[in-house]
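Visitor: 152 is the number of the first residue of the sequence shown in the numbering used here; add one for each residue after it. Pasting a structure below so you can have a look.
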Amino acid sequence: ESTGKTTLARTLHGRLATEGRRVALVGEVLREFCARHGRTPRLDEQTAIAAEQTRRIEAAAQSHDVVVADTTALMIAVYSDYVFGDRGLYEQAERDHARLASFTLLTALDLPWQADGVQRDGPHVRAPIDALVRAALLRSGAAHGVVGGQGDARHDAAHASVQRVLSRSAEAPKR
Numbered sequence: 152e153s154t155g156k157t158t159l160a161r162t163l164h165g166r167l168a169t170e171g172r173r174v175a176l177v178g179e180v181l182r183e184f185c186a187r188h189g190r191t192p193r194l195d196e197q198t199a200i201a202a203e204q205t206r207r208i209e210a211a212a213q214s215h216d217v218v219v220a221d222t223t224a225l226m227i228a229v230y231s232d233y234v235f236g237d238r239g240l241y242e243q244a245e246r247d248h249a250r251l252a253s254f255t256l257l258t259a260l261d262l263p264w265q266a267d268g269v270q271r272d273g274p275h276v277r278a279p280i281d282a283l284v285r286a287a288l289l290r291s292g293a294a295h296g297v298v299g300g301q302g303d304a305r306h307d308a309a310h311a312s313v314q315r316v317l318s319r320s321a322e323a324p325k326r
């Protein structure tokens, strides 16, 4: 909830692209939905939004070496749980996340909250959402790390984390 995910994703995409990598940036389907409809989704719309987020990540992975996703279906599952008390999206979202995400950057709650359209509830939502995301990441077994700091320090830390992951994958034996 307003922790700088979109700004960070855009910055990482730009930096990785200047390094000569074929890198894709996959935006947030939920953000697009809210902008298009002028409201947050209903419970019955959550599954389609999660599926579309996953579909876009899969499509980008077909033609790029690196995919930077603003978010994944895991966040839709978290919001569905928090807003509607519906835990039904977790199983598929966690499975897809573990399959598609080599590494997840979890943004720390150290930036001031900012309103960001109709999809953001307020600063009181950040800690409970963060707890749900952390629990889902643990259940999925997805490799993840927390990135914090302000401005360039945050972006530099995120970039360094991604570089470590990319270096390890380049060094791994090919099957």
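Using N, Cα and C, we set each Cβ at its ideal position, and we do this for glycine too. Computed from a predicted structure; not experimentally measured.
1) Could you pull out every residue in the same chain whose Cβ sits closer than 7 Å to the Cβ of R326, ignoring the five residues on either side in sequence?
2) What span of residues does the beta strand (DSSP E) with L289 cover, start to end?
3) Can you tell me whether DSSP reads T144 as helix, strand or coil?
4) Just list the beta strand (DSSP E) runs in the stretch 182–220, keeping only unbroken ones of 3 residues or longer that don't cross its boundaries, in chain order.
5) With DSSP collapsed to three states, give me the class of L167.
6) In whole angstroms, what is the alpha-carbon distance linking I208 and A220?
7) Measure the CB-CB distance between A224 and H248 and report whether it falls below 8 Å.
8) Can you tell me which of F184, V217 and R166 puts its alpha carbon nearest to the alpha carbon of A321?
9) Can you give the beta carbon distance from T222 to E179, rounded, assuming they're within the 8 Å contact cut?
10) State the DSSP-derived secondary structure class of L317, mapped to helix, strand or coil.
Guide: According to the data block:
1) Position 175 of the sequence shown, counted from the start, is the residue given in the question as residue 326. With a pLDDT of 41 at R326, under the threshold of 50, the modelled position of that residue is not reliable, and the figure given next carries that caveat. Excluding sequence neighbours, R326 sits near nothing in its chain.
2) Counted from its first residue, the sequence shown places residue 289 at position 138. It is not in any beta strand (DSSP E) - L289 instead sits in the alpha helix (DSSP H) that spans R277 to S291.
3) Lying before the first or after the last residue shown, residue 144 is absent from the chain, which here runs from 152 to 326.
4) 217–220
5) Position 16 of the sequence shown, counting from 1, holds the residue named residue 167. Three-state result, L167: helix.
6) One-based indexing of the sequence shown puts residue 208 at position 57. One-based indexing of the sequence shown puts residue 220 at position 69. Going by the C-alpha atoms only, they are around 7 Å apart.
7) On the sequence shown, residue 224 is found 73 positions in, with the first residue counted as 1. On the sequence shown, residue 248 is found 97 positions in, with the first residue counted as 1. A contact, by the Cβ cut-off of 8 Å.
8) Position 170 of the sequence shown, counting from 1, holds the residue named residue 321. Among F184, V217 and R166, the Cα nearest to that of A321 is on V217.
9) Position 71 of the sequence shown, counted from the first residue, corresponds to residue 222. Position 28 of the sequence shown, counted from the first residue, corresponds to residue 179. Right, their Cβ atoms sit about 5 Å apart.
10) Position 166 of the sequence shown, counted from the first residue, corresponds to residue 317. In the structure shown, L317 sits in a helix (DSSP, three-state: H, G or I).
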